[in-house]
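Numbering (this note's numbering), first residue to last: 3 to 392. I have placed the structure first, in the form of structure tokens, so that the comments after it can refer back to it.
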């Protein structure tokens, strides 16, 4: 057995030795072979940039949207379009969320790669490029790129050949002199690597819509009294259909207020309150005595069904400033029927109503607006005007 193994091993060595012998070199027949040179990728140096801050454009406090537009030097025609030859690139970035929504360029620093999926807006990603069609008169359409894309502008033309970007990496850094640098490698549907960089100053344009505050009060109002009132029957305001409550709308106003219709006008301070009373209440007889507590709204501004019962009062509806859309408890000051300067959405508190033997109302209110300003006082009314009259 040992001899067979030895013979087998010797045979293997012989085969290996034969296989390792070099073959004779082919004849050159007098010609030189080309030498392979690895191609050096061309890098686009952009010289112009525009930065647009869209803030929390998806409304989920996950990231902020920034649009960066990069251009090489080109002429611009009367419509604002670049005239080639040249190159453009647009980056739509999901940047770290800024609670102040302040277009702070320092938040741009970092690395960005493609989104994991179409619903992923995590910071540190860019949005895939896509095409959008715009209908023109006469049935014509124009196709434009959006989100993240590269474009080649034809010589002497404004026409752009787009490459919709869907993968790659972008790096944004800050420099010691206060400038920023952007560089990256991106690939799109033309399967070409786009190497690019830009360096310069960042002067962002803040594209976040101005937020209208729900209260402009700058101080407490601890001793509010009013001269007259208007009471309006709103019936089953929430359309529950079970006759479990009735909603009464009360306006407390100064003597100078006018009531050409249901709501006050003119020049006056106004306290607007909505209270929930038993269904059988006759509003012409006034508000039943008792304490009415402001019902907290849910984050989506709705109210829980089980809380819509007699003894409650309605918190102000956020972000609705048209007079015909206003709902719930508000305080505002009218000047020639304009109340856009001083107002407050009431968020919590209590309203206490005491009734006199002659039908008078003593209405006390301890309220707080959405900025924690106190709104309080007591108003005594011998009578309250009602609407409609019949």
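Beta carbons: idealized from backbone N, C-alpha and C, even for Gly.
Burial state of residue i (16 or more Cβ within 10 Å)
| i | result |
| --- | --- |
| residue 73 | buried |
| residue 77 | exposed |
| residue 130 | buried |
| residue 174 | buried |
| residue 61 | exposed |
| residue 66 | buried |
| residue 341 | buried |
| residue 150 | buried |
| residue 334 | buried |
| residue 119 | exposed |
| residue 393 | Residue 393 cannot be examined here, being either before or after the span of the chain that is shown, 3 to 392. |
| residue 57 | buried |
| residue 326 | exposed |
| residue 92 | buried |
| residue 180 | exposed |
| residue 386 | buried |
One or two residues paired with residue i in a DSSP bridge
| i | result |
| --- | --- |
| residue 103 | Answer is none; residue 103 lacks a bridge partner. |
| residue 65 | 98 |
| residue 162 | 155 |
| residue 133 | 147 |
| residue 232 | 253 and 387 |
| residue 91 | 72 and 152 |
| residue 217 | 346 |
| residue 223 | 377 |
| residue 86 | 157 |
Endpoints, beta strand (DSSP E) assigned at residue i
| i | result |
| --- | --- |
| residue 279 | 270 to 279 |
| residue 1 | A question about residue 1 goes unanswered here, because the residues of the chain that appear run from 3 up to 392. |
| residue 311 | Neither: residue 311 is in no beta strand (DSSP E) and is coded neither H nor E. |
| residue 182 | 182 to 190 |
| residue 196 | 195 to 202 |
| residue 56 | 50 to 57 |
| residue 46 | 45 to 47 |
| residue 113 | 112 to 116 |
| residue 294 | 292 to 297 |
Test: residue i CB closer than 8 angstroms to a CB of chain B
| i | result |
| --- | --- |
| residue 214 | Going by chain labels, chain B is absent from the structure shown, which holds only one protein chain. |
Closer than 7 angstroms: residue i CB and nearest the ligand NAP heavy atom
| i | result |
| --- | --- |
| residue 141 | Of ligands this structure carries none, so the ligand NAP is not represented either. |
Is the segment 105 to 115 touching the segment 166 to 179 in the sense that three or more CB pairs, one from each, lie closer than 8 angstroms?
yes
Mind pulling the beta strand (DSSP E) runs of 3 or more residues that sit fully within the segment 326 to 383?
332 to 337, 340 to 357, 363 to 371 and 376 to 383
Please confirm if the segment 180 to 200 is in contact with the segment 229 to 239, defined as three or more CB-CB distances below 8 angstroms between the two stretches.
no
Count the CB pairs spanning the segment 131 to 146 and the segment 78 to 90 that are closer than 8 angstroms, and state whether there are at least three.
no
Cβ contact check for the segment 298 to 310 and the segment 257 to 274: 3 or more pairs under 8 angstroms:
no
Closer than 8 angstroms is the cut-off here; do at least three beta carbon pairs connect the segment 356 to 375 with the segment 192 to 202?
no
Measuring CB atoms only, is the segment 46 to 66 touching the segment 100 to 110, in the sense that at least three cross pairs come out at less than 8 angstroms?
yes
Using 8 angstroms as the threshold, is the segment 231 to 247 in touch with the segment 277 to 295, meaning 3 or more CB pairs across them?
yes
Could you say if the segment 205 to 218 and the segment 309 to 329 meet the contact criterion of at least three C-beta pairs nearer than 8 angstroms?
yes
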